[in-house]
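Q: Dropping a structure here in C-alpha cells format, bear with me for questions.
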Amino acid sequence: MKVTFSVNGESRTVDAPGDKPLLWVVREELGLTASKFGCGIAQCGACTVHLDGQPTRSCSIPVSAVAGRDVTTLEGVSGAAAEAVRGAWRKLDVVQCGYCQSGQMMSATALLENNPAPSDADIDTAMAGNLCRCATYQRIRAAIHEAADSLEG
Amino acid sequence: MMKFINASLASAPRVNRRSFLKVTAMGSAGFMIGCGESAAPVADTAPVADAEPVTSSELNAFVKIGSDNHVTVVVKHLDMGQGVSTGLPTIVAEELDADWSQMHYEFAPSDPAVYANTFFGIQGTGGSTATANSWMQLRNAAAAARSMLVDAAAADWQVPAAEISVAGGEVAHTASGNRASFGELAAAAATMTPPETPSLKSPEQFTLIGAPLPRLDSASKTDGSANYTIDLERPGMKVALMTHPPRFGATVKSFDAEKALAMDGVVDVKAVERGVAVVAESFWAAKKARDALTIEWDNSAAEMRGSDQIMSDFKAMADTQGALARADGDSGAALAKASQVIEYRFELPFLAHATMETMDCVAELSEDGCDVWTGSQLQTVDHQTIATIAGVPMGNVRIHTQLAGGSFGRRAVPDSDYIAEAVSIAKAVDGAYPVKLIWTREDDFAGGRYRPMGYHVARAGIDEAGNPVGWEHRVVTQSFMVGTPFEGSIQNGVDASSVEGAAQLPYAIDDVTVDLHLARVGVPTLWWRSVGHTHNAWVAEVMIEQLARTAGQDPVEYRMNLLADHPRHQGVLKLAAEKAGWSTEPAEGIYRGVAVHESFSSYVAQIAEISIDSNGDLSVERVVCAVDCGVAINPDVIRAQMEGGIGMGIGAFLREAVHMDDGIVREQNFHLYRPLRINEMPPVEVHIVDSSEPPTGVGEPGLPPIAPALTNAIAAATGQVITKLPLAAQLKSG
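The listed protein sequences correspond, in order, to chains A and B. Each residue of the first sequence is one higher than the one before, starting from 177 at the first, in our numbering. Each residue of the second sequence is one higher than the one before, starting from 7 at the first, in our numbering.
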C-alpha cells in the first residue's frame with residue numbers, strides 16, 4: 177500500500193506492506209539508518225523515533241498507522257533540546273559501542289522538550305525503556321542533566 | 007563446523023598454521039574476549055568539496071598521513087565499544103607528536119602477517135589485550151614515522167635533522183624559521199628509510215597519554231552517521247534470515263517452502279549447513295516468509311536436557327575429585343586440623359552476551375573472490391572459514407571489519423557461526439547477489455554461545471587465630487575449547503579458562519587445591535566478558551570474605567594481610583577502601599561489601615554500597631572502584647570501561663539467566679532476559695592507580711569483582727550468603 181507521511185519535515189510516500197514496521201520503512205525504504213533494530217518487540221528502545229513529537233518504538237508500529245503523521249529520526253531531529261542533547265553526549269563521551277545511542281538520544285530529547293529540568297526520577301521514568309548493554313547509564317544520566325543545564329543557561 | 011577450519015588448515019595457501027599452534031600453546035587464559043564499543047571505518051572525516059584531491063601516504067602499516075594533514079591510524083583490532091579506536095590513536099599521536107584534532111582511524115584489513123595480535127599470533131581481539139599487545143608496536147611505528155617526517159624536512163630545508171623539533175602536529179626548524187605540517191611532508195616522508203630503532207619518549211615526556219582526550223567516535227555515533235554491519239548496502243543486495251533448529255544439535259529433516267516462496271518479495275529459500283535460509287528483498291518480507299516455513303527437525307543428536315537437569319548433572323559430578331589445576335601442600339590435612347571450616351556450594355547460570363546489534367554479516371561472492379563485512383573479532387579464523395565455504399583462495403578473501411554494536415566476546419567464534427551462515431547462503435545462490443544476514447533478537451538469544459553454567463564447591467578453614475588454613479575449590483563447568491582450534495589449550499583435563507581466577511588465588515594460604523570437572527553439554531558456549539573470572543572471582547571473594555567474618559576480622563584488613571606478596575592487589579584494595587571511606591561507618595541502612603580481583607593482568611577492587619527496603623528489595627547505592635592497569639593511556643576510556651563492566655555485572659547478578667526447557671531456550675527476547683536498565687544503575691566512582699607499568703586491558707577486568715562485592719554487602723546486611731545466581735532466582739527459591 178502507498179502511505180504518505182512526514183519524515184524529518186519532508187513529505188514522503190512509500191509503497192510497502194501496511195504491516196511493515198516503521199523502523200524497516202525508514203531504514204530500508206528511506207535510507208535513514210540511525211534508528212536501529214534491537215528486539216522487534218518494543219523492549220529495548222534502539223529504534224526510538226519521534227511520532228508527532230512523542231518518543232515511539234518504531235519497530236512495533238506498522239507503517240499504515242503513521243499515514244499523515246510526523247516522524248522524526250535522529251538524522252533530522254533539531255531544536256534546542258536536540259542540540260543540547262547532542263552536545264552533552266559528545267562533551268561527556270557517553271558512547272561506547274554506540275548502537276543504542278540514537279534511541280537514547282531521541283528519548284532524552286523528548287524528555288527535555290517536555291521537562292527542561294528533569295530529576296533523576298524523571299530520567300529513570302523516561303529512559304528505562306532504552307537498554308544499553310555497555311551500561312553507559314551513568315553518563316546518559318549526567319548528559320541529560322548537562323543538557324538541561326545548558327538549556328537553562 | 008570444525009571440519010571447515012581443519013580443512014582450511016590443510017589446504018589454504020596463506021594459512022599460518024604456526025599461529026594456531028601459538029594460540030594453543032599459550033593457553034586459554036591468554037586468549038579471551040574483549041568487550042563492547044565501536045567507531046566509523048573512516049572516522050568522522052567529511053569530504054572536502056572543491057578542494058585539491060587528498061592524497062594519503064603510508065609511512066608504515068599503522069600510520070597514514072594525508073595531504074589534508076589527517077593522521078590515520080590503522081587499527082588492527084575490533085572496536086566493539088571498548089574504545090581502541092581512541093586508545094590506539096592516542097599511543098600513535100603521542101610518539102608522533104601529533105595534535106589530537108588531526109587524528110583519525112580506520113580498521114585494518116585481515117592480514118595476520120602484518121596485523122596479528124602479537125600475543126595470539128593471529129589477528130584477533132580479546133583477552134583485554136588490544137592495548138597491551140599494541141603498546142610497543144604502535145610506539146615504534148609512530149616514532150619511526152616521526153623520524154621520517156623529520157628526515158623529509160631536513161632534506162627539504164637542508165638543515166641537520168637533529169636541529170628539527172616536532173610538536174602539536176608541526177615540524178619546525180627554529181634557526182631557519184622553516185615550518186611544515188605533517189600533511190606537507192607526508193609524501194616525501196614516505197620515501198625516507200625508517201630508523202631501525204626509533205627513539206621513544208620516556209613516560210615523563212608524555213603529553214597526550216594520560217590526558218583527557220575526547221573519543222574519536224563520539225561525533226559519528228551521535229549524528230547517525232556511524233555505520234554498523236546492519237546499515238550496509240551493496241548493489242543488488244538481498245536480506246537473509248536463518249531458521250535455526252529449536253534445539254542445539256538438531257538438524258533439518260525436511261522442509262516445505264512453497265508458501266514462503268509464494269510471498270511478496272521472497273527471492274530464495276535454501277537449506278544450508280546450519281538450518282534453512284530465507285532470502286528476500288527486505289527484512290520484513292524475509293521475516294514473514296520465515297514464519298510461513300514448515301520444517302521438520304531431526305532431534306536425534308540434539309541436546310534435550312533442560313538447564314535444571316544440566317545443573318543436577320553438574321552437582322553429581324562434584325562428588326568426586328576432578329583434574330587438578332592447583333595443588334599446593336595438603337589441603338585435606340590442613341582442613342582436618344582447622345579450628346573452623348566453612349563450605350558453600352555455588353550455582354551459576356548460562357548468560358547471553360545480548361549485544362544490542364544482533365549477529366549480522368554481509369557476504370558477497372564475485373569473480374574476485376569473497377568480500378565480507380562484519381564486526382569480526384577473530385579475523386584470521388573467520389578468514390579461513392570464509393575461504394573454505396566460499397571455495398576461494400585465502401588471498402581472494404577480504405574482510406572489511408565494521409563497527410560492532412557490542413560483542414563482549416560474542417563475535418569471536420571459533421567456528422565463525424553467523425559469518426559461516428552468511429557465506430553459505432551466498433554460496434548456495436551461486437553468488438547471484440550480495441547477502442545481508444540479520445539475526446532477529448530471538449535468533450540471537452536462542453543461538454547459543456552462552457557463558458557456561460557452573461557449579462562450584464568451596465571449602466576453607468581457619469586456625470584459632472583466624473588465619474586461613476586450607477582452601478579447596480572444585481569447579482564443574484563446560485569447556486568451549488573442545489572441538490575448536492583452541493582445544494590444545496586443555497592440558498591434563500584442565501581448561502585454563504575454566505579455572506582462571508581460581509587457580510591463581512593470590513592469598514597467602516599454604517594448602518590449596520583447585521580441581522575441575524569438564525562436563526559434556528550440547529549447548530554451545532563461549533567466552534563472555536571476563537570469561538572464567540565471572541565464575542571464579544565470585545566464589546573466591548565470597549569465600550575469603552566469609553573466612554574474614556568467621557574470624558571476626560575486618561574484611562579489607564584480612565585481605566591486605568594475606569596479600570603481602572601481591573602489592574598491586576593491595577594497591578587497588580587500599581585505594582578503593584580509602585575512597586569509599588571504609589574506615590568510617592556507612593550511613594544508617596547502608597551496607598558495604600568489598601572484593602578485589604586480578605584478571606587479564608589488570609587489578610580491580612570494588613566496594614559496593616547497598617540498601618534493602620522493607621519489601622526485601624535490593625538497591626545498589628554506590629560503587630567505588632579502583633583499577634591498576636599500568637600506564638593509563640586514556641583515563642576516561644578506562645573509567646567508561648569500569649562503569650560499563652560494573653553495570654553489566656550488576657545486571658547479571660540481579661536477573662540474567664538463560665534457561666532451557668527440554669532443550670529449548672526460554673528467554674528469547676528482552677522481556678524475559680533482562681539486563682540492567684538506567685533506573686538500577688548506581689553512581690560509580692572510578693579511581694585509577696598512578697603507574698608506569700606497561701598498560702594492560704580494561705574491557706573485562708571491571709566486571710568480576712562486582713558480584714562478590716554485592717554478595718558480601720548482602721551478607722553484611724542480612725547474614726545471608728547468596729550462593730545461587732541470579733539473585734532473583736535465589737530469592738524466589740527462598
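Idealized CB from N, CA, C, for every residue including glycine. Computed from a predicted structure; not experimentally measured.
Could you have a look at ASP334(B) and say whether DSSP puts it in helix, strand or coil?
A: On the second sequence, residue 334(B) is found 328 positions in, with the first residue counted as 1. Here ASP334(B) sits in strand by DSSP.
Q: Cβ closer than 8 Å: which chain A residues qualify as neighbours of SER224(B)?
A: Here the question's residue 224(B) lines up with position 218 in the second sequence. Those are TRP265, ARG266, ASP269, VAL270, VAL271, listed as they occur along chain A.
Q: Provide the residue span of the beta strand (DSSP E) that contains LEU227(A), from first to last.
A: Translated into positions along the first sequence, residue 227(A) becomes position 51. Note, LEU227(A): beta strand (DSSP E), 224-227.
Q: By DSSP, does ARG565(B) sit in helix, in strand, or in coil?
A: As a first step, residue 565(B) is located in the second sequence; it is residue number 559 there, counting from the start. Looking at ARG565(B) - three-state DSSP - the assignment turns out to be helix.
Q: How many angstroms separate the CA atom of ILE644(B) from the CA atom of ALA298(B)?
A: As a first step, residue 644(B) must be located in the second sequence, where it is residue number 638. As a first step, residue 298(B) must be located in the second sequence, where it is residue number 292. About 48 Å.
Q: Considering only the alpha carbon of each residue, which of SER313(B), ALA721(B), ALA295(B) lies closest to ASP262(B)?
A: Working through the second sequence from its first residue, we reach residue 262(B) at position 256. Among SER313(B), ALA721(B), ALA295(B), the Cα nearest to that of ASP262(B) is on ALA295(B).
Q: If contacts are defined as beta-carbon pairs under 8 Å, then CYS376(B) and ALA428(B) qualify, I think. What distance do you get, rounded to the angstrom?
A: Taking the second sequence and counting its residues from 1, one reaches residue 376(B) at position 370. Taking the second sequence and counting its residues from 1, one reaches residue 428(B) at position 422. About 10 Å separates the two Cβ atoms, so there is no contact after all.
Q: Does any residue of chain A have a CB that is nearer than 9 Å to the CB of ALA35(B)?
A: Within the second sequence, residue 35(B) is the residue found at index 29, counting from 1. Here ALA35(B) scores only 32 on pLDDT, less than 50, and its place in the model is too uncertain to base an answer on.
Q: List the DSSP bridge partners of GLU331(A).
A: The requested residue 331(A) does not occur in the structure, where chain A is confined to residues 177 to 329.
Q: Take the Cβ of HIS677(B) as the centre, count every other Cβ of all protein chains shown within 10 Å, and call the residue buried at 16 or more, exposed below.
A: The residue you call residue 677(B) lines up with position 671 of the second sequence. Per the 10 Å Cβ criterion, exposed.
Q: For ILE1(B), list the residues DSSP reports as bridge partners.
A: This structure does not reach residue 1(B), given that chain B is present from 7 up to 740, and the question cannot be answered.
Q: Using 9 Å as the limit for Cβ to Cβ distance, is GLY415(B) near chain A?
A: On the second sequence, position 409 is the one that residue 415(B) refers to. So, not an interface residue.
Q: ASP300(A) versus chain B: which residues are under 8 Å apart at the beta carbon?
A: Counting from one through the first sequence, the residue named residue 300(A) turns up at place 124. Result: ILE684, ASN685.
Q: Quick check on DSSP: helix, strand or coil for ARG145(B)?
A: Here residue 145(B) refers to the residue found at position 139 when the second sequence is read from its first residue. Of the three classes helix, strand and coil, the one that applies to ARG145(B) here is helix, per DSSP.
Q: Mind pulling the alpha helix (DSSP H) runs of 4 or more residues that sit fully within the region 405-488 of chain B?
A: List check, alpha helix (DSSP H) in window: 423-434, 447-451.
Q: What's the C-alpha gap between THR729(B) and LEU553(B)?
A: Along the second sequence, one-based indexing puts residue 729(B) at 723. Along the second sequence, one-based indexing puts residue 553(B) at 547. Distance between the alpha carbons of THR729(B) and LEU553(B): 15 Å.
Q: Three or more beta-carbon pairs under 8 Å between the region 436-449 of chain B and the region 241-260 of chain B, yes or no?
A: Segments in contact, yes.
Q: Buried or exposed for THR180(A), going by 16 or more other Cβ atoms inside 10 Å?
A: In the first sequence, counting from the first residue as 1, residue 180(A) sits at position 4. By the neighbour-count rule (16 or more Cβ atoms within 10 Å), THR180(A) is not buried but exposed.
Q: Taking the continuous beta strand (DSSP E) assigned at GLN612(B), which residues delimit it?
A: The residue labelled residue 612(B) in the question sits at position 606 within the second sequence. Counting along the chain, the beta strand (DSSP E) containing GLN612(B) begins and ends at 608-618.
Q: What is the residue span of the beta strand (DSSP E) that ILE515(B) lies within?
A: As a first step, residue 515(B) is located in the second sequence; it is residue number 509 there, counting from the start. Counting along the chain, ILE515(B) falls outside any beta strand (DSSP E), and DSSP gives it neither H nor E.
Q: Looking at chain A, which residues of the region 278-308 of chain B have a Cβ within less than 9 Å of any of its Cβ atoms?
A: The residues in question are GLU287, SER288, PHE289, TRP290, ALA291, LYS293, LYS294.
Q: Tell me the residue span of the beta strand (DSSP E) that contains LYS282(B).
A: Taking the second sequence and counting its residues from 1, the one referred to as residue 282(B) is at position 276. In the sequence on display, residue 282(B) carries Val and not Lys. Its beta strand (DSSP E) spans residues 281-286.
Q: If you measure from the CB of LEU581(B), is any heavy atom of the ligand ZN nearer than 8 Å?
A: Looking for the ligand ZN in the displayed structure turns up nothing, as the structure carries no ligands at all.
Q: Measure the CB-CB distance between LEU716(B) and ILE656(B) and report whether it falls below 9 Å.
A: Taking the first residue of the second sequence as position 1, residue 716(B) is located at position 710. Taking the first residue of the second sequence as position 1, residue 656(B) is located at position 650. Their beta carbons are under 9 Å apart, which means LEU716(B) touches ILE656(B) by this criterion.
Q: Can you tell me which of the three DSSP states THR540(B) falls into?
A: Taking the first residue of the second sequence as position 1, residue 540(B) is located at position 534. Note: THR540(B) maps to helix in three-state DSSP.
Q: How long is the line joining the alpha carbons of ARG245(A) and GLY725(B), rounded to whole angstroms?
A: Numbered from its first residue, the first sequence carries residue 245(A) at position 69. Numbered from its first residue, the second sequence carries residue 725(B) at position 719. Those two C-alpha atoms are separated by around 57 Å.
Q: Looking at chain B, is there any beta carbon in it that lies within less than 9 Å of the beta carbon of GLY244(A)?
A: By 1-based counting over the first sequence, the position of residue 244(A) is 68. So no, GLY244(A) is outside the interface.
Q: If you drop the 5 nearest sequence neighbours on each side, which residues of the same chain put their C-beta closer than 7 Å to that of ALA420(B)?
A: Position 414 of the second sequence, counted from the start, is the residue given in the question as residue 420(B). Looking at the sequence itself, residue 420(B) is Pro, so the reference to Ala does not match. VAL387, THR490, PRO491, PHE492.
Q: Would you say ILE217(A) faces chain B, with C-beta separation under 9 Å as the test?
A: Along the first sequence, one-based indexing puts residue 217(A) at 41. Answer yes: the Cβ-Cβ gap between ILE217(A) and chain B drops below 9 Å somewhere.
Q: ASN75(B): which of VAL81(B), VAL695(B), ALA186(B), VAL610(B) sits nearest, CA to CA?
A: Your numbering for residue 75(B) matches position 69 in the second sequence. Measuring from the Cα of ASN75(B), the nearest candidate turns out to be ALA186(B).
Q: Of all the residues that make up the region 227-241 of chain A, which are near chain B by a beta-carbon distance shorter than 8 Å?
A: Listed in sequence order: no entries.
Q: Just list the residues that DSSP pairs THR232(A) with in beta bridges.
A: Along the first sequence, read from residue 1 onward, the residue named residue 232(A) stands at position 56. VAL225(A).
Q: Kindly list the residues whose CB is nearer than 6 Å to the CB of ILE515(B), restricted to its own chain and excluding five residues on each side of it in sequence; keep chain order.
A: Reading the second sequence from its first residue, position 509 is the one you call residue 515(B). So the list reads PRO474, TRP477, once near-sequence residues are dropped.
Q: Residues in the same chain with beta-carbon distance under 8 Å from ASP436(B), minus the five sequence neighbours each way, listed in chain order, please.
A: Within the second sequence, residue 436(B) is the residue found at index 430, counting from 1. Same-chain partners within the cutoff: LEU371.
Q: Please state if the CB of GLN280(A) and the CB of GLY221(A) are separated by a distance shorter than 9 Å.
A: Residue 221(A) sits at position 45 when you count from the first residue of the first sequence. Residue 280(A) sits at position 104 when you count from the first residue of the first sequence. Yes; because the gap between Cβ atoms is below 9 Å, this pair is in contact.
Q: If we define contact as Cβ-Cβ less than 9 Å, is ILE652(B) a contact residue for chain A?
A: On the second sequence, residue 652(B) is found 646 positions in, with the first residue counted as 1. Output row for ILE652(B): interface = yes.
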